[in-house]
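> Residue numbers (our numbering): 3 to 670. By construction, the Cβ of each residue, glycine as well, lies at the ideal position given by its N, Cα and C atoms. Keep in mind the model is a prediction, meaning the values are calculated, not measured. If you scroll down you'll find the structure; I have some questions about it.
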Amino acid sequence: MTITDSNRAGQDFQCSLQSLEPSLFEEFLPLAAIATTPLGAKRLQVLTELLQTTLWVPASVTSESPCIQVYQKPLQDHLAQLWDQQKSLVFCLTTGAVVRLIAPLLQNKETDPAVVVVDEAGKFVISLCGGHQGGADRLTQLIALQIGATPVLTGASNRLGLPGIDALGLPYGWTKGEGDWTGVSAAIARQDPVQVIQETGSTLWQSHLPKHHSFQFGFPEFTATVREEGLEPTARVWISAIQRRFAPDSSKVQWHPRVLWVGIGCERGTSKALIEQAIQEVFAAHHLAEGAIAGIATIDLKADEAGLLDFCRDWPRQAPKDRALPLKCFSAEDLRTVSVPTPSDVVEAEVGTPSVAEAAALLAANFVTNGAETKLLDPNLPSAPHPPLLIPKQIVRQAGQPGAVTIAVAQSPQEYTGRTGKLWLVGIGPGELAQITPAAQSAIAHADVVIGYSLYVDLVAPILRPGQIVEALPITQERQRAERAIQLANWGLTVAVISSGDCGIYGMAGLVLEELRAQEWTGTPDVQVFPGITALQATAARVGAPLMHDFCAISLSDLLTPWEVIEKRLTAAAQADFVTALYNPKSQTRTGQIAIAQQIFLQHRDRATPVALVRSAYRPDEEIRFTTLEKLLDEPIDMLTTVLIGNQSTQMYCDRMITPRGYLGFGR
Ligand code: SAH
C-alpha cells in the first residue's frame, strides 16, 4: 500500500496544516507520531513534516516522505524504545489500541510523555494522558485548531476553568516539588476547599482565577462554624522556597519558585562534588528547597572555574532536564559596592573585594536574568528590590577533597523563570472567530498571557484556555499595553498581544516594535507577527470586489499624524484614482475630517462614484450601506465604520460594488 489517498478530507487537512507555526510546538519536542494505516499516516504526515520529526508506520504502509520511517519490531516493542526519548507521542489509532499499547509503559505524570490521539476521520483530537505537566491538553488544542477538529479534554481543571495545579508554575519556571499531586488534584476536581500558602513567587495567577474557585489563600481562621459548614480545607498547596516533607497521601503539594541566588566563593581547583555537597548541606540545614535555586553568583575571576562550570551545566536534579543553572559573574569593583554582614580582610587582600559569596548573592538577587539579557529587577514585578541576605556565608570543607567552598544565599523578590520570552503580535480579523487564521488562533490559545483591548479579548474568549493570564485594558491605553507585554516577555513569558484586523495595520505590532527599539532590544524576547484580515479586506468582501484595481488605505485620525499630512495623502490618492479605504473616519470629537475628505475626492472624481460604508463587518451588529460620493455625509458614520470610495470605473451591480480589472474590456 502507498499513501496516495487523495480524498478531499485528506487534502483539506493538508491545506489547513500548512499554516502552522512550527515554533508553537517547541515545548512538545521531541515528538514522534505513529500511524498504522495509509489514511492515518496521511493525517499525521503534515504535522511531522512541519516539525521535521519522525512518523513511524508499519512496513505495510509505504511513502516517499522523508519523515516516514518503518518500524520493524512489533509496535509494542518499538513504542517501549520511543517512550523514554520523547516528550510527546501523537497516534492516529483507535483510543482502545493506544490505551493497550501504552498501559505497560506508564510510570508517573512527571516523566511520562504527553499522549495525544487523532481519529482517522480527523474530526477529534483527544488528550489521552500527560494532560497538565506533559502538556497533552495544550498540544491537543494546537493540533485541533489547525486541523479544524474538536479537542477532547477531560481534565477536571478544564471543566472548572482552572489551571491544572501540576502545571500552575510552568509559565514562571517554578520547580515542581514533592507532594501528593494526585490527592490535591482530586480535591480541586471535587471543588473541596484547598488552602494555598504562597510565600514567594508571582501571584499573577491568583488574580486571573475564575469567579467560583475553591482556593483559600493564606491562613484563614478555622473556627467551629467553618468546620461545620465544611469549609475547612482538605488539601494544601505551598508555594515557597522552603523544602517541606509530606506523607505520600497527605493531600499537600509544593511548588518552588526559583528565587534563591547562591553566592559562591571557592579556592582554585575546588571539585564539582564539593560544591554540590556544600549546597546540599547548607540547604538541608536551613530547610531550603534546591528546586528554588535560581542560579549561582560569583566573582568574574571564577568565570572559568571548572568545578563551578560543571556544577551549573549538570544541574538540575529537579528542574526540567534541559535547563542549566545560570552562572552570574560580577567584577570586584561591583562586589565592593555591596554592604554585607561578614566582610573579610583576607578576601579583600586576595581578590580586591571584602566579600564574594554574600555580595554576589545579593547583587544577583537584585537582577533578573532571562535569556541572554541581564536587567535590573523591574520594581513593578512583583515587588520592589533590595532583598535581604537569607543565609550569611558558610564555609564548607571536606576531608580528602581539594579546596573549600563559601556559600551565601539571597532571596530575590522576583523569580527567575529560566525561559526566553516571546512576543506574539496577533491580528484577530474583523470580529468573527471563523475569520481568525488558524495560526493566530493557535498563538492565542497557546500563549501564557493574552493582552488586548477588552472588546477584542471578549471576541476571542472561546479560544482562551484555563489558567491563561488575560489582561484586558481600555482602548486608550495602547502604550501601557505594549509596555506591559514587553515587561512580561522580558521576564520569560509567552505573550500574545491582540489587535483587531491586522496587527500591523494601524494596530499594536508597530507600537510594540517601536517600544522595543526604544529599549535597545537585541532580539530577545523573540518577536513574531501573525497577520489577520484587515478592515479593508473584510469590508471589501462584504460589498463585492471593489479592490480589483490599485487601492490604498488612509486613516483620518489626526491624533498621531498631522492633519496636513493626511490632507496631502487624500489629495494624492484622489488624483491617482486609487480605490480608497478610509479608516477611523469619524469619532465623537473628530467630526470634520470626513467632510474635508469628501471635498478633496469631489475635486477629482465624479459625484456619482460609488461609496460603501461598512460598520462592524463580521460582527453581530454589522451594517452595510451604499451611497455616492456626493451623498456620503447623509449616512451615519462612526469609529466602527470603514468608508470605501470607488475609483472612476467602480460600478454597482445587484448591490455589489465592482471595480473592473479589465478582463471584459472596461477596466482602466
Ligand atoms: N488593525 C485594524 C485597524 C484598526 S484602526 C485592522 O487592520 O482592521 C480602527 C478602524 O478600523 C476603525 O475606525 C474602522 O475604520 C476600521 N475597522 C476595524 N474593524 C472594523 C470592522 N469590523 N468593520 C468595519 N471597520 C472596521
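Taking Cβ positions, are V428 and A445 nearer each other than 8 Å?
Taking the sequence shown and counting its residues from 1, one reaches residue 428 at position 426. Taking the sequence shown and counting its residues from 1, one reaches residue 445 at position 443. It is a contact, given that the beta carbons lie within the stated cut-off.
> Report yes if the C-beta of G512 is less than 7 Å from at least one heavy atom of the ligand SAH; otherwise report no.
Counting from 1 along the sequence shown, the entry for residue 512 is found at position 510. It does not: the Cβ of G512 is nowhere closer than 7 Å to a heavy atom of the ligand SAH.
> Would you identify the three-state DSSP class for F221, choosing helix, strand or coil?
Indexing the sequence shown from 1 puts residue 221 at position 219. Coil.
> Looking only at DSSP bridge pairs, what is T678 linked to?
Any property of residue 678 remains undetermined from this structure, which presents the chain solely from 3 to 670.
> Beta-carbon within less than 7 Å of P404's beta-carbon, same chain only, minus the 5 sequence neighbours each way: which residues are those?
If you number the sequence shown from 1, residue 404 lands on position 402. Answer for P404: G271, T272, S273, listed in chain order.
> Rounded to whole angstroms, what is the Cα-Cα separation between K178 and G166?
The count along the sequence shown starts at 1 and reaches residue 178 at position 176. The count along the sequence shown starts at 1 and reaches residue 166 at position 164. Their Cα atoms are separated by approximately 12 Å.
> Beta strand (DSSP E) containing F313: first to last residue?
In the sequence shown, the residue the question calls residue 313 occupies position 311. Not the beta strand (DSSP E): F313 falls in the alpha helix (DSSP H), residues 308–316.
> May I ask which residues mark the beginning and end of the beta strand (DSSP E) holding A614?
Taking the sequence shown and counting its residues from 1, one reaches residue 614 at position 612. Where A614 is concerned, the enclosing beta strand (DSSP E) stretches over 612–617.
> Sort out for me which residues DSSP pairs F93 with in a bridge.
Stepping through the sequence shown from its first residue, residue 93 is reached at position 91. Bridge partners of F93: I36, V119.
> Return the CA-CA distance between M355 and A361, expressed in angstroms with no decimal places.
Taking the first residue of the sequence shown as position 1, residue 355 is located at position 353. Taking the first residue of the sequence shown as position 1, residue 361 is located at position 359. Note on identity: in this sequence residue 355 is Thr, with Met being the wrong assignment. Straight-line Cα distance between these residues: approximately 9 Å.
> Since E473 is in the beta strand (DSSP E), which residue starts that stretch and which ends it?
To locate residue 473, count along the sequence shown from 1; it is residue 471. First-last of the beta strand (DSSP E) with E473: 471–475.
> Name the DSSP bridge partner or partners of L584?
As a position in the sequence shown, residue 584 is number 582, starting the count at 1. L584 is bridged to I556, V645.
> Please state if the CB of L155 and the CB of D1 are separated by a distance shorter than 8 Å.
This structure does not reach residue 1, given that the chain is present from 3 up to 670, and the question cannot be answered.
> Specify the secondary structure class of E292 as computed by DSSP and reduced to three states.
Residue 292 sits at position 290 when you count from the first residue of the sequence shown. Three-state result, E292: helix.
> Comparing alpha-carbon positions, which option in V264, I453, C268 lies nearest A291?
Residue mapping note: residue 291 aligns to position 289 of the sequence shown, counting from 1. For the residues V264, I453, C268, the minimum Cα distance to A291 belongs to V264.
> Indicate, with yes or no, if the ligand SAH has a heavy atom lying under 7 Å from the CB of R621.
As a position in the sequence shown, residue 621 is number 619, starting the count at 1. For the ligand SAH, at least one heavy atom lies less than 7 Å from the Cβ of R621.
> From this set, G157, T541, V514, which residue's C-alpha is nearest A484's C-alpha?
On the sequence shown, residue 484 is found 482 positions in, with the first residue counted as 1. The residue with the shortest Cα to Cα distance from A484 is V514.
> Is G546 near the ligand SAH, with its Cβ less than 7 Å from a heavy atom?
Here residue 546 is taken as the residue at index 544 of the sequence shown, counted from 1. False, no ligand heavy atom lies under 7 Å from that Cβ.
> Tell me, which residues are paired with G679 by DSSP?
Because the chain spans 3 through 670 in this model, residue 679 falls outside it and cannot be assessed.
> Expressed to the nearest angstrom, what Euclidean distance is found between the alpha-carbon atoms of K323 and P527?
Start at 1 with the first residue of the sequence shown, and residue 323 comes out as number 321. Start at 1 with the first residue of the sequence shown, and residue 527 comes out as number 525. Per-residue confidence for K323 stands at a pLDDT of 49, beneath the threshold of 50, marking its modelled position as unreliable; the derived number appears in the next sentence. Going by the C-alpha atoms only, they are around 22 Å apart.
> Which class does F628 belong to by DSSP, given the choice of helix, strand or coil?
Reading the sequence shown from its first residue, position 626 is the one you call residue 628. Residue state, collapsed to three classes: strand.
> Could you tell me whether any non-hydrogen atom of the ligand SAH is closer than 7 Å to the CB of A540?
Here residue 540 refers to the residue found at position 538 when the sequence shown is read from its first residue. True, at least one ligand heavy atom lies under 7 Å from that Cβ.
> Helix, strand or coil: which one does DSSP assign to Y665?
Here the question's residue 665 lines up with position 663 in the sequence shown. Coil at Y665, not helix or strand.
> For K588, I'd like the list of residues in its chain whose CB is within less than 8 Å of its CB, leaving aside the five on either flank, ordered along the chain.
In the sequence shown, the residue the question calls residue 588 occupies position 586. L558, Q595, I596, I639, D640, M641, T643, listed in sequence order.
> To the nearest angstrom, how far is it from the Cα of L615 to the Cα of F628?
Taking the sequence shown and counting its residues from 1, the one referred to as residue 615 is at position 613. Taking the sequence shown and counting its residues from 1, the one referred to as residue 628 is at position 626. Taking the straight line from one Cα to the other gives about 6 Å.
> My assumption, with CB atoms under 8 Å, is that S357 sits in contact with L327. Please give the rounded CB distance.
Counting from 1 along the sequence shown, the entry for residue 357 is found at position 355. Counting from 1 along the sequence shown, the entry for residue 327 is found at position 325. Not quite, the Cβ-Cβ distance comes to about 21 Å (not below 8 Å), so this is no contact.
> Who are I598's beta bridge partners in DSSP?
Taking the sequence shown and counting its residues from 1, the one referred to as residue 598 is at position 596. Paired residues: none, contrary to the question.
> When you measure from the CB of A484 to every non-hydrogen atom of the ligand SAH, does any distance come out below 7 Å?
As a working mapping, residue 484 is identified with position 482 in the sequence shown. Checking every heavy atom of the ligand SAH against the Cβ of A484, none is found closer than 7 Å.
> How many Å lie between A2 and C131 at the Cα?
Nothing can be reported for residue 2: it is not among the residues displayed for the chain, which extend from 3 to 670.
> In chain order, what are the residue ranges of uninterrupted alpha helix (DSSP H) at least 4 long that sit wholly in the segment 512–574?
Segments of the alpha helix (DSSP H) lying fully in the segment 512–574: 537–545.
> Between which residues of its own chain and R658 is the CB-CB distance below 6 Å, once the five residues before and five after are set aside?
The count along the sequence shown starts at 1 and reaches residue 658 at position 656. Closer than 6 Å at the Cβ level, and outside the excluded window around R658, lie G546.
> Which same chain residues, not among the five before or five after E51, have their C-beta less than 7 Å away from its C-beta?
Counting from one through the sequence shown, the residue named residue 51 turns up at place 49. Cβ neighbours of E51 beyond the five flanking positions: S67, C69.
> Give me the Cβ distance between C554 and T582, rounded to the nearest whole Å; I'm assuming they're in contact under 8 Å.
Numbered from 1 along the sequence shown, position 552 holds the residue referred to as residue 554. Numbered from 1 along the sequence shown, position 580 holds the residue referred to as residue 582. That belief holds up - the Cβ atoms of C554 and T582 are roughly 6 Å apart, short of 8 Å.
> Measuring CA to CA, which of A401, I409, E473, I471 is closest to I393?
Here residue 393 corresponds to residue number 391 of the sequence shown, with the count starting at 1. For I393, the nearest C-alpha among the options comes from I409.
> Which one of L310, E434, Q470 has the shortest CA to CA distance from L276?
Within the sequence shown, residue 276 is the residue found at index 274, counting from 1. Out of L310, E434, Q470, L310 has the C-alpha closest to the C-alpha of L276.
> Excluding the five sequence neighbours on either side, which residues of its own chain have a C-beta within less than 8 Å of the C-beta of V675, listed in chain order?
Here the chain covers residues 3 to 670 and nothing more, so residue 675 does not appear.
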